[in-house]
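Visitor: Take a look at the following structure, please.
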Amino acid sequence: AQSVSQHNHHVILSEAASLELGCNYSYGGTVNLFWYVQYPGQHLQLLLKYFSGDPLVKGIKGFEAEFIKSKFSFNLRKPSVQWSDTAEYFCAVNGDNAGNMLTFGGGTRLMVKP
Amino acid sequence: DGGITQSPKYLFRKEGQNVTLSCEQNLNHDAMYWYRQDPGQGLRLIYYSQIVNDFQKGDIAEGYSVSREKKESFPLTVTSAQKNPTAFYLCASSWDNPPYEQYFGPGTRLTVT
Chain G
1 AQSVSQHNHH VILSEAASLE LGCNYSYGGT VNLFWYVQYP GQHLQLLLKY FSGDPLVKGI
61 KGFEAEFIKS KFSFNLRKPS VQWSDTAEYF CAVNGDNAGN MLTFGGGTRL MVKP
Chain D
1 DGGITQSPKY LFRKEGQNVT LSCEQNLNHD AMYWYRQDPG QGLRLIYYSQ IVNDFQKGDI
61 AEGYSVSREK KESFPLTVTS AQKNPTAFYL CASSWDNPPY EQYFGPGTRL TVT
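Chains as they are written, first to last, in our numbering: chain G, 1 to 114; chain D, 1 to 113.
Have a look at this one:
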């Protein structure tokens, strides 16, 4: 069975600080990887996804993530956060043995102080 | 305007009552899913359906039931057998081909007292 770990449960940053949120998964086969964001009072929306090709993926709002297969990781980064990035972030994995199922991590709650 | 709708946004029920949460999508997606979101536990899969009239249990199906009579609709019933039903419930849908990106509705917050 697949599992996803997000080691940072709560992160507090000041505006303009750099962000890196960790995501590790446990499946050794081919994977599709996702980062979703849930802004306060809003529904989950896709930030970015890795399907194939360039392991450095760029998403919306200046976010990017790097797929490092040897480390089973897909960390999310942003060079300079804004107060509006305050949200909960979820990493998810789809392994090639799982059909169309996604397995989600426990989420990281980010608070950006103005 | 395509998307997924869930109703109601907030729902209150007494213990011992069954309650049905609505989920409708107009994205023409084949697959639909129900998740439960609890603080610190991420999203846990309750049920999913890949085609009309067919559905499968997810990781935490006990105390829940679903139906898929129409492609657009996937209602979830929280039965009185669910021991801890108070939670935030999310419905999602996707195409049935890679990379299986899921689109989410706004959620229903159920409180059972």
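A virtual CB, placed ideally from N, CA and C, is assigned to each residue, including glycine.
(1) Please tell me whether, using a cut-off of 6 Å, the distance from the CB of G:D54 to the nearest non-hydrogen atom of the ligand MN is below it.
(2) Taking the beta strand (DSSP E) that D:R109 belongs to, which residues open and close that run?
(3) Examine chain D for any beta-carbon lying closer than 7 Å to the beta-carbon of G:H43, and answer yes or no.
(4) Could you give the first and the last residue of the continuous beta strand (DSSP E) run that contains D:Q41?
(5) Name the two residues that bound the continuous beta strand (DSSP E) containing G:K49.
(6) Measuring only the C-alpha atoms, how far is G:F72 from D:I4?
(7) State the beta-bridge partners of G:G95 as determined by DSSP.
(8) Classify D:P85 as buried or exposed, calling it buried when 16 or more other Cβ atoms lie within 10 Å of its own Cβ.
(9) Measuring only the C-alpha atoms, how far is D:S22 from D:P8?
(10) Just how far apart, CA to CA, sit D:Q56 and D:Y64?
(11) Taking Cβ positions, are G:Q38 and G:A98 nearer each other than 7 Å?
(12) What is the rounded straight-line gap between the Cα of G:Y36 and the Cα of G:S80?
(13) With 8 Å as the limit, tell me which residues of the segment 15-28 of chain D have their beta carbon closer than that to any beta carbon of chain G; keep them in chain order.
(14) How many Å lie between G:Q45 and G:L19 at the Cα?
(15) Measuring CB atoms only, is the segment 100-113 of chain D touching the segment 44-61 of chain D, in the sense that at least three cross pairs come out at less than 8 Å?
(16) State the DSSP-derived secondary structure class of D:W95, mapped to helix, strand or coil.
(17) Quick one: what's D:R68 bridged to in DSSP?
(18) When burial is assigned at 16 or more other CB atoms within 10 Å of the CB, is D:F12 buried or exposed?
(19) What is the rounded straight-line gap between the Cα of D:I51 and the Cα of D:G107?
(20) Which stretch, first to last residue, makes up the beta strand (DSSP E) that contains G:L19?
(21) For G:H10, list the residues DSSP reports as bridge partners.
(22) Can you tell me whether G:D96 is buried or exposed, with buried defined as 16 or more other CB within 10 angstroms of its CB?
(23) Closest by CA to D:T20, which one among D:P98, D:T79 and D:S93?
(24) For G:D85, which of helix, strand or coil comes out of DSSP?
Guide: So, from the data block:
(1) With respect to small molecules bound, the structure shown includes none, and the ligand MN cannot be examined in it.
(2) Along the second sequence, one-based indexing puts residue 109 of chain D at 109. Boundaries of the beta strand (DSSP E) around D:R109: T108 to V112.
(3) Locating residue 43 of chain G in the first sequence gives position 43, counting from the first residue. In terms of beta-carbon proximity, G:H43 lines the interface with chain D, with at least one pair separated by less than 7 Å.
(4) Start at 1 with the first residue of the second sequence, and residue 41 of chain D comes out as number 41. Element bounds for D:Q41: n/a, residue is neither H nor E.
(5) Against the first sequence, residue 49 of chain G aligns to sequence position 49. Judged by DSSP secondary structure, G:K49 falls within the beta strand (DSSP E) whose first and last residues are Q45 to Y50.
(6) Counting from 1 along the first sequence, the entry for residue 72 of chain G is found at position 72. Counting from 1 along the second sequence, the entry for residue 4 of chain D is found at position 4. So the two alpha carbons sit approximately 32 Å from each other.
(7) The residue given as residue 95 of chain G occupies position 95 in the first sequence. Per DSSP, the beta bridge partners of G:G95 are G:V31.
(8) Here residue 85 of chain D corresponds to residue number 85 of the second sequence, with the count starting at 1. In the assembly as shown, D:P85 is a buried residue. Its beta-carbon has 16 or more other beta-carbons within 10 Å.
(9) In the second sequence, the residue the question calls residue 22 of chain D occupies position 22. In the second sequence, the residue the question calls residue 8 of chain D occupies position 8. CA-CA distance, D:S22 to D:P8, rounds to 7 Å.
(10) As a working mapping, residue 56 of chain D is identified with position 56 in the second sequence. As a working mapping, residue 64 of chain D is identified with position 64 in the second sequence. Looking at the two C-alpha atoms, the distance is approximately 12 Å.
(11) Locating residue 38 of chain G in the first sequence gives position 38, where the first residue counts as 1. Locating residue 98 of chain G in the first sequence gives position 98, where the first residue counts as 1. Taking 7 Å as the Cβ cut-off, G:Q38 and G:A98 do not qualify as a contacting pair.
(12) Start at 1 with the first residue of the first sequence, and residue 36 of chain G comes out as number 36. Start at 1 with the first residue of the first sequence, and residue 80 of chain G comes out as number 80. Each residue's alpha carbon lies about 19 Å from the other.
(13) Those would be none; no residue qualifies.
(14) The residue labelled residue 45 of chain G in the question sits at position 45 within the first sequence. The residue labelled residue 19 of chain G in the question sits at position 19 within the first sequence. Each residue's CA atom was taken as its position, placing G:Q45 and G:L19 some 19 Å apart.
(15) No: the two stretches stay apart, fewer than three of their Cβ pairs being nearer than 8 Å.
(16) Counting from 1 along the second sequence, the entry for residue 95 of chain D is found at position 95. In the structure shown, D:W95 falls within a coil segment according to DSSP collapsed to helix, strand and coil.
(17) Here residue 68 of chain D refers to the residue found at position 68 when the second sequence is read from its first residue. None; D:R68 has no bridge partner.
(18) The residue you call residue 12 of chain D lines up with position 12 of the second sequence. With fewer than 16 Cβ atoms within 10 Å of its Cβ, D:F12 is classed as exposed.
(19) On the second sequence, position 51 is the one that residue 51 of chain D refers to. On the second sequence, position 107 is the one that residue 107 of chain D refers to. In this structure, the alpha-carbon of D:I51 lies about 22 Å from that of D:G107.
(20) Along the first sequence, one-based indexing puts residue 19 of chain G at 19. Element bounds for G:L19: L19 to L21.
(21) The residue given as residue 10 of chain G occupies position 10 in the first sequence. Answer by DSSP bridge pairing, in chain order: G:R109.
(22) Taking the first sequence and counting its residues from 1, the one referred to as residue 96 of chain G is at position 96. Exposed, because fewer than 16 other Cβ atoms sit within 10 Å of the Cβ of G:D96.
(23) Counting from one through the second sequence, the residue named residue 20 of chain D turns up at place 20. Nearest neighbour of D:T20 by Cα position, chosen from D:P98, D:T79 and D:S93, turns out to be D:T79.
(24) As a first step, residue 85 of chain G must be located in the first sequence, where it is residue number 85. Note: G:D85 maps to helix in three-state DSSP.
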